[in-house]
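Taking it in order: structure first as structure tokens, then the write-up.
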Amino acid sequence: MIYREAGQFKNTYASDQAIFPIVQDRWIVLALLVAAFCVPLVATEYWLQAVLIPFLVYSLAALGLNLLTGYAGQLSLGTGGFMAVGAYASAILTQKFGIPFAAAVVFGGVVSGVIGVVVGFPALRIKGDIERINYHVLEDDELRDLLYEIVNDDLRKEFEEAGDLVRAALELG
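Add 430 to a position in the sequence shown, counting from 1, and you land on the number used in the working numbering.
Structural data, given as structure tokens:
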């Protein structure tokens with residue numbers, strides 16, 4: 431933070447274990463709550479769709495990754511997949527079925543949760559050292575070589591196309 435706790439002493443255990451023990455934190459949270467309720471009332475459609483909603487979606491994804499990696503100590507990129515499933519379900523519901531946005535977001539979360547349960551139950555049945563299984567898959571020479579060839583071929587093609595464009599631009603100029 432940009433401030434320190436110096437001079438704010440706690441006299442009881444309850445004040446030491448408070449959610450917002452520092453006075454500045456209480457004021458910041460109060461200002462954020464006021465902004466959360468007032469800004470959507472005065473914001474334009476552009477600010478809502480292009481700035482605020484993506485900001486909140488990415489903040490929610492970051493909080494989920496913080497819980498998973500920071501508190502649980504696990505590294506998983508699968509959470510992005512479940513977020514994508516929920517977003518896709520929400521988009522389909524609003525575009526094809528005309529369901530209101532708020533209801534579609536809630537239903538998208540439910541769909542994502544159901545898919546997570548469907549994927550999660552078989553994953554619970556895996557026995558043994560998961561890290562060793564993952565490392566064994568990553569150490570497989572044939573798989574690594576195949577991925578290396580695919581990536582190199584794609585990059586080579588991209589650079590050749592970019593070089594052709596640069597040559598054509600230089601010839602025109």
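All C-beta atoms, glycine included, are put in the ideal place defined by N, C-alpha and C.
The straight-line gap separating the alpha-carbon atoms of A491 and G437 is approximately 36 Å. Secondary structure at N441: coil, using DSSP grouped into helix, strand and coil.
Scanning the stretch 475-544 from its first residue to its last, the whole alpha helix (DSSP H) runs of 4-plus residues come out as 483-495, 508-526. When secondary structure is reduced to three states using DSSP, Q447 falls in the coil class, being assigned neither helix nor strand. The stretch 506-526 and the stretch 534-553 touch, with three or more beta-carbon pairs separated by less than 8 Å. The beta carbon of L482 lies closer than 8 Å to those of V469, P470, A473 in the same chain, with the five residues before and after it left out. T499 and L505 do touch by the CB rule: their CB atoms are close to 6 Å apart, below 8 Å. The alpha-carbon of Q525 is positioned some 13 Å away from that of G538. Classified as exposed, V548 has fewer than 16 neighbouring CB atoms from the shown chains inside 10 Å of its CB. A buried status is given to S520, since no fewer than 16 other beta-carbon atoms sit within 10 Å of its beta-carbon. Rounded to the nearest whole angstrom, the C-alpha separation of V487 and P451 is 28 Å. In the structure shown, the three-state DSSP call for I458 is helix. Inclusion of A532 and L523 in the CB contact set at 8 Å is not warranted, their separation being larger than that value. The beta carbon of L495 is closer than 8 Å to those of T509 in its chain, skipping five residues each way along the sequence.
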